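Colleague: If you scroll down you'll find the structure; I have some questions about it.
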Amino acid sequence: MSVESEFLNLCRKRCSVRRFSDRPVEKEKLELCLEAARLAPSAENGQPWRFIVFDDPEKKMALARAVFTGIYSASRHFSKAPVLVALLVKESLIINKLGGGIQGTPFQIIDAGIAGEHFILAATEQGLGTCWIGWFNGRGLLKHLGLKRKAYRTIALFAVGYPKPNFQPKEHRRHHIKDIVFWNSLPR
Ligand SMILES: Cc1cc2nc3c(=O)[nH]c(=O)nc-3n(C[C@H](O)[C@H](O)[C@H](O)COP(=O)(O)O)c2cc1C
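Per numbering that gives the first Met the number 0: the sequence shown = residues 0 to 187.
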């Protein structure tokens with residue numbers, strides 16, 4: 000694609016970072032990312048997302064112990080990220096009940112995905128490395144936070160920090176545009 004765009008360049012710059020330097024993350028940068036998330040659109044403007052930021056090293060390690068256990072211990076290396084952010088949605092909103100029950104789409108999960116990626120792209124712009132983490136113990140997270148399973152649904156964790164100095168971003172492996180985009184009809 001030949002069009003020049005700052006936004007496309009940001010999308011190209013973002014990649015999953017799984018190893019971090021010890022450099023602390025400035026609170027103002029985290030606040031900027033959270034503001035970007037706050038501005039995300041959501042079904043019926045329900046804003047079901049909740050972000051819990053673990054930047055206190057002891058609290059972050061306690062979280063890591065609760066969520067990277069058993070079969071999820073493959074994600075344990077993420078406990079070395081300077082910051083972990085938990086993304087949850089509140090399940091009690093009426094729009095989510097209508098979405099799931101009648102229309103069939105769990106809007107709150109879409110909403111959280113949009114807000115989450117706002118956060119991630121803002122972090123990329125700030126020079127931070129991030130990784131979405133889906134492989135963690137969600138029940139462990141709710142228990143750790145003292146939340147009821149009916150009231151909240153866990154979506155993801157984000158690892159946030161400065162990449163290790165020798166970090167080499169991998170090339171994006173993506174489908175060709177012609178394999179994912181169809182104009183006016185979808186060929187069978
Ligand atoms: C919802 C979601 C969950 C993910 N979970 C994990 C995970 O648990 N562990 C991990 O290392 N990467 C995880 N990733 C990162 C993906 O593996 C990564 O985005 C994908 O391979 C594309 O690579 P890139 O992000 O570097 O472009 C997740 C990404 C998303 C969007």
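All residues carry an ideal CB built from backbone N, CA and C; glycine is no exception. All values reported here derive from a predicted model rather than from experimental measurement.
Do residue 162 and residue 20 have their beta-carbon atoms positioned less than 8 Å apart in this structure?
Modeller: It is a contact, given that the beta carbons lie within the stated cut-off.
Colleague: Only counting the same chain, and skipping five residues up and downstream in sequence, which positions put a Cβ closer than 7 Å to that of residue 149?
Modeller: So the list reads 90, once near-sequence residues are dropped.
Colleague: Taking only heavy atoms of ligand 1 into account, decide whether any of them is closer than 7 Å to the Cβ of residue 113.
Modeller: Residue 113: no, Cβ never under 7 Å from ligand 1.
Colleague: Check whether the Cβ of residue 137 lies closer than 7 Å to any heavy atom of ligand 1, and answer yes or no.
Modeller: Incorrect: residue 137 has no Cβ contact closer than 7 Å to ligand 1.
Colleague: Assess, as a yes-or-no matter, whether the segment 97–115 is touched by the segment 69–83 under the definition of 3 or more beta carbon pairs within less than 8 Å.
Modeller: No, the segment 69–83 is not in contact with the segment 97–115.
Colleague: Residue 155: which of 107, 92, 115 sits nearest, CA to CA?
Modeller: If we check each option's Cα against that of residue 155, 115 comes out closest.
Colleague: For residue 189, which residues in the same chain have their Cβ closer than 6 Å to its Cβ, ignoring the five residues on either side in sequence?
Modeller: The requested residue 189 is not part of the displayed model; the chain covers only 0 to 187.
Colleague: Since residue 151 sits in a beta bridge, which residues does DSSP pair it with?
Modeller: Answer by DSSP bridge pairing, in chain order: 89.
Colleague: Using a beta-carbon distance below 8 Å, is residue 172 in contact with chain C?
Modeller: Any reference to chain C falls outside this structure, which holds one protein chain only.
Colleague: Could you please give the first and the last residue of the uninterrupted alpha helix (DSSP H) stretch that includes residue 66?
Modeller: Start and end: 56–66.
Colleague: Just how far apart, CA to CA, sit residue 18 and residue 145?
Modeller: One C-alpha to the other measures close to 29 Å.
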